[in-house]
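The next block holds one structure in the form of structure tokens; read it before the comments.
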Amino acid sequence: MESNRRKFLKVAGISALGIAGAKPVLNAFASEQEEEAQHADVEIRKNEKALTARQWAMVIDTRKLQSEEDLKPIIEACHKTHNVPDVMDTENAEYDEDNQRHVIKWIWEEEYKHAFPTKSTEFLDDRLKNLPFLVLCNHCENPPCVRVCPTKATFKREDGIVLMDFHRCIGCRFCMAACPYGSRSFNFRDPREFIKDEDRNPEFPTRMKGVVEKCNFCAERLAVGKQPACVEASNGAIAFGDLYDPESEVRQLLKSNYTIRRKQGLGTGPAIYYIV
Amino acid sequence: MLELTVKGSKKYFGWMALVLGVIGIGFCVYVWQLISGLQITGMSRDVSWGFYIAQLTFLVGVAASAVMLVIPHYLHNYKAFGRITILGEFLAIASVTMCLLFVIVDLGQPMRLFNVILHPTPGSVLFWDMVVLNGYLFLNLIIGWNVLEAERNQVPPPGWVKPLIYLSVPWAVSIHTVTAFLYCGLPGRGYWLTAILAPRFLSSAFAAGPSLLVLLCLLIRKISKFDPGKEQIQSLAKIITYAIILNVFFFFCELFVVFYSQIPEHMDHFKYLFTGLHGHGVLVPWMWASLGLMIFSIIMLVIPSVRKNETTLAIACIAVFAGTWIDKGMGMISGGFVPNPLHHVNEYVPTVPELVITIGVYGIGVLILTALFKMAISIKEEVAA
Ligand code: SF4
Ligand code: SF4
Numbered sequence: 001m002e003s004n005r006r007k008f009l010k011v012a013g014i015s016a017l018g019i020a021g022a023k024p025v026l027n028a029f030a031s032e033q034e035e036e037a038q039h040a041d042v043e044i045r046k047n048e049k050a051l052t053a054r055q056w057a058m059v060i061d062t063r064k065l066q067s068e069e070d071l072k073p074i075i076e077a078c079h080k081t082h083n084v085p086d087v088m089d090t091e092n093a094e095y096d097e098d099n100q101r102h103v104i105k106w107i108w109e110e111e112y113k114h115a116f117p118t119k120s121t122e123f124l125d126d127r128l129k130n131l132p133f134l135v136l137c138n139h140c141e142n143p144p145c146v147r148v149c150p151t152k153a154t155f156k157r158e159d160g161i162v163l164m165d166f167h168r169c170i171g172c173r174f175c176m177a178a179c180p181y182g183s184r185s186f187n188f189r190d191p192r193e194f195i196k197d198e199d200r201n202p203e204f205p206t207r208m209k210g211v212v213e214k215c216n217f218c219a220e221r222l223a224v225g226k227q228p229a230c231v232e233a234s235n236g237a238i239a240f241g242d243l244y245d246p247e248s249e250v251r252q253l254l255k256s257n258y259t260i261r262r263k264q265g266l267g268t269g270p271a272i273y274y275i276v
Numbered sequence: 001m002l003e004l005t006v007k008g009s010k011k012y013f014g015w016m017a018l019v020l021g022v023i024g025i026g027f028c029v030y031v032w033q034l035i036s037g038l039q040i041t042g043m044s045r046d047v048s049w050g051f052y053i054a055q056l057t058f059l060v061g062v063a064a065s066a067v068m069l070v071i072p073h074y075l076h077n078y079k080a081f082g083r084i085t086i087l088g089e090f091l092a093i094a095s096v097t098m099c100l101l102f103v104i105v106d107l108g109q110p111m112r113l114f115n116v117i118l119h120p121t122p123g124s125v126l127f128w129d130m131v132v133l134n135g136y137l138f139l140n141l142i143i144g145w146n147v148l149e150a151e152r153n154q155v156p157p158p159g160w161v162k163p164l165i166y167l168s169v170p171w172a173v174s175i176h177t178v179t180a181f182l183y184c185g186l187p188g189r190g191y192w193l194t195a196i197l198a199p200r201f202l203s204s205a206f207a208a209g210p211s212l213l214v215l216l217c218l219l220i221r222k223i224s225k226f227d228p229g230k231e232q233i234q235s236l237a238k239i240i241t242y243a244i245i246l247n248v249f250f251f252f253c254e255l256f257v258v259f260y261s262q263i264p265e266h267m268d269h270f271k272y273l274f275t276g277l278h279g280h281g282v283l284v285p286w287m288w289a290s291l292g293l294m295i296f297s298i299i300m301l302v303i304p305s306v307r308k309n310e311t312t313l314a315i316a317c318i319a320v321f322a323g324t325w326i327d328k329g330m331g332m333i334s335g336g337f338v339p340n341p342l343h344h345v346n347e348y349v350p351t352v353p354e355l356v357i358t359i360g361v362y363g364i365g366v367l368i369l370t371a372l373f374k375m376a377i378s379i380k381e382e383v384a385a
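Sequences listed follow chains A and B, in order. Using UniProt numbering, the first residue of the first sequence is number 1, and each one after it goes up by one. Using UniProt numbering, the first residue of the second sequence is number 1, and each one after it goes up by one.
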């Protein structure tokens with residue numbers, strides 16, 4: 001079972017199988033495969049509509065994201081889709097100011113000087129100084145988080161996505177120390193206390209306490225031919241595609257625009273590019 | 001030989017009961033942590049390792065320092081250490097056990113611990129840390145047990161133990177080197193990203209471990225009929241002197257590189273620790289105290305008359321131990337996490353439950369150490385009688 005689940009994660013990129021009755025996910029397969037899944041050595045095939053790549057990458061056009069208002073729906077779309085708990089929800093009975101230490105975030109907003117601490121200067125132009133930047137896991141081409149994980153719970157898929165197996169993670173948090181972008185969050189407490197039933201997306205698993213999580217580049221959506229949730233919600237400000245396909249949208253944008261990446265000098269090969 | 005650990009005076013049992021009580025309290029709080037998660041600690045998204053991992057780091061050093069007795073005794077045939085090498089090895093056993101426990105109490109999902117073995121990942125330094133720590137534990141158990149048994153029977157230890165003893169020398173160095181590699185190979189953590197980290201760890205370990213041993217020897221002489229010996233204590237004192245001087249020297253090498261190169265990502269952590277950063281600096285007095293204690297101990301230890309006087313030597317040893325403990329057990333880990341990779345300053349302070357669990361783990365170490373030392377000393381008394 002263990003290795004089957006993992007193969008499944010790798011090939012199809014769906015981590016929703018963990019919850020019982022994840023019907024919509026199974027629908028992604030042809031019906032006879034659904035039956036086959038009952039048997040021991042099931043062959044896992046990709047959905048015909050699944051999007052594939054050698055290295056998925058993103059280009060964020062910051063010219064099109066002027067204010068906090070522009071970022072909000074993007075962040076919300078991601079966090080809703082992936083059942084990311086809002087531990088700072090003041091209406092929740094468990095709310096406490098101290099919860100700040102335990103926030104879970106997959107994609108969030110930072111000022112330029114925090115998103116690019118090594119590129120910042122005192123004399124930054126006014127636009128950049130006040131511009132909110134979206135930051136998320138960079139799905140690095142050479143990811144240190146994968147290197148350090150003692151259980152391979154964090155691993156790099158053949159399409160470049162740095163994915164997590166929430167069922168294997170032992171919560172040692174080595175990956176959090178290794179990530180130079182602060183992209184990872186740890187469930188210091190049970191996240192389910194902060195997910196209202198009516199808000200929960202049944203197509204994606206909720207997590208348990210004691211494991212690490214982060215952006216998964218919407219692997220579960222790519223598997224059924226959809227673009228990532230943030231890309232869909234961005235009104236064209238975020239482009240997504242294969243870095244090694246010269247025809248892809250991201251390559252077209254990279255060809256015609258000057259872009260920067262976060263802490264490029266560390267050799268991690270971040271796959272999120274910013275047009276500034 | 002184990003029977004010797006269940007025979008003893010009222011005082012011995014009273015002490016063991018007290019330690020068990022402390023462990024019990026720690027265990028209860030640990031159960032609370034299991035139920036409600038690591039939220040009861042002071043750790044956060046930004047400072048994701050805290051007191052537990054810091055204690056692990058410090059204690060790996062104490063464990064490794066047994067080699068400071070093994071090398072003179074077995075490689076240089078320094079007979080005097082024959083009397084106390086077993087104490088060093090038993091101290092190592094207690095320390096490594098605590099290390100392993102600190103790893104476990106730090107895990108978010110301890111029930112899945114065996115995933116490390118089920119899915120071995122040679123690319124991960126944590127995997128190797130588990131391998132070398134467990135290996136070192138077994139090496140010392142086998143060596144310590146056999147050497148002591150031979151001493152009891154007044155025969156030389158079996159021949160096959162010798163290769164294991166030789167193996168334990170590089171192995172001891174490896175446990176602390178691998179522990180340093182946990183930190184110093186991470187991009188973007190400027191405080192740890194330095195090749196001097198492993199040497200610094202080793203030097204501070206070789207000062208802290210023997211200091212603790214000197215204090216334990218003085219205590220043993222007071223409460224038992226076994227005298228570890230004046231010469232032995234003086235030899236340890238010389239080892240401590242060299243090691244603590246090296247440790248401070250390595251630290252200044254690091255300071256020079258960081259502050260002469262003026263690279264901000266490396267400087268900021270030192271600034272945070274020693275002067276405070278953007279108005280945050282809970283550790284500032286501690287770090288200065290640590291440096292002060294180490295320098296104070298060097299001044300004491302290099303003066304022969306002070307070193308030779310066992311009372312002043314004890315004070316110097318306390319200073320060495322406290323100084324190196326603050327440096328590694330408090331500053332080393334949280335210092336690396338503040339400021340965070342995005343240059344936000346969020347500080348870490350351990351919580352009371354976290355400290356109680358920590359003390360509980362130390363309690364287990366003390367329990368093991370007391371039992372093992374009791375065994376060794378009883379045998380030494382027996383042989384002498
Ligand atoms: S951004 Fe961090 S978590 Fe994401 S792949 Fe890179 S190192 Fe790993
Ligand atoms: S916390 Fe989980 S994902 Fe991260 S290194 Fe440890 S086992 Fe791997």
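We put the CB at the ideal spot given by N, CA and C, even for glycine.
- Boundaries of the beta strand (DSSP E) around A:A239: 238–242.
- When the five nearest sequence neighbours on each side are left out, the beta carbons in the same chain lying within less than 6 Å of the beta carbon of B:I40 are those of Q33, P353, in order along the chain.
- Around the Cβ of B:K10, a 10 Å sphere holds fewer than 16 other Cβ atoms; the residue is exposed.
- Distance from the CA of A:K152 to the CA of B:P157, rounded to the nearest whole angstrom, comes to 43 Å.
- At a C-beta separation below 8 Å, B:T121 has these neighbours in chain A: C149, P150, T151, K152.
- When Cβ-Cβ separations below 7 Å define contact, A:F123 makes no contact with chain B.
- Of the other Cβ atoms in all chains shown, 16 or more fall within 10 Å of the Cβ of A:A219; this residue is therefore buried.
- Per the coordinates, the alpha-carbon of B:P264 lies some 24 Å from the alpha-carbon of B:N247.
- At a Cβ-Cβ threshold of 7 Å, A:E193 and A:E76 do not count as neighbours.
- Distances from the CA of B:M294 to each of B:Y166, B:D327, B:L186 were compared; the closest alpha carbon is that of B:D327.
- About 6 Å separates the beta carbons of B:F321 and B:L212, which is inside the 8 Å limit, making them a contact pair.
- B:F127 is positioned such that its CB atom lies closer than 7 Å to that of A:P150.
- Looking from the CA of A:R63, the closest CA among A:E43, A:A53, A:N257 belongs to A:N257.
- Judged by DSSP in its simplified three-state form, A:V212 adopts strand.
- Listed by position along chain A, the residues whose Cβ is nearer than 7 Å to that of B:Q109 are C169, I170, G171, G210, V211.
- The DSSP-derived three-state label of B:E265 is helix.
- Looking at the DSSP output, B:L216 shares a beta bridge with no other residue.
- Selection A:G267, A:G269, A:R261, A:G265 evaluated against A:A115 yields A:R261 as nearest (Cα-Cα).
- The alpha helix (DSSP H) runs lying completely inside the region 327–354 of chain B and spanning 4 residues or more are 332–337, given in chain order.
- DSSP, read as helix, strand or coil, puts B:L101 in helix.
- B:N340 counts as buried, since at least 16 other C-beta atoms from the protein chains shown sit within 10 angstroms of its C-beta.
- Within 9 Å of the CB of B:P157, no CB atom of chain A is found; the nearest one sits about 36 Å away.
- Remark: the shortest separation between the CB of A:F166 and any heavy atom of ligand 2 does not fall under 6 Å.
- Restricting attention to B:A385, B:R112, B:L137, the CA atom closest to the CA of B:L100 is found in B:L137.
- A Cβ-Cβ contact shorter than 7 Å links B:L342 with A:G182.
- Residues of chain A whose Cβ lies closer than 7 Å to the Cβ of B:S36 are, in chain order, R189.
- In this chain, the beta strand (DSSP E) harbouring A:L134 covers 133–136.
- About 20 Å separates the beta carbon of B:Q109 from that of B:T358, a gap too long to meet the 8 Å contact definition.
- At least one C-beta of chain A is nearer than 7 Å to the C-beta of B:P341.
- Interface with chain B (7 Å Cβ-Cβ cutoff): A:V103 is included.
- Looking at the backbone, the Cα of B:V6 and that of B:L218 are separated by about 24 Å.
- Under the three-pair Cβ rule at 8 Å, the region 255–269 of chain B does not count as touching the region 238–246 of chain B.
- Looking only at B:F102, B:V31, B:P72, the smallest Cα-Cα distance to B:V60 is reached by B:F102.
- Contact between B:I93 and B:G144 holds: CB atoms are separated by about 7 Å, below the 8 Å threshold.
- Residue contact with chain B for A:G269: absent (no Cβ-Cβ distance below 7 Å to any residue of chain B).
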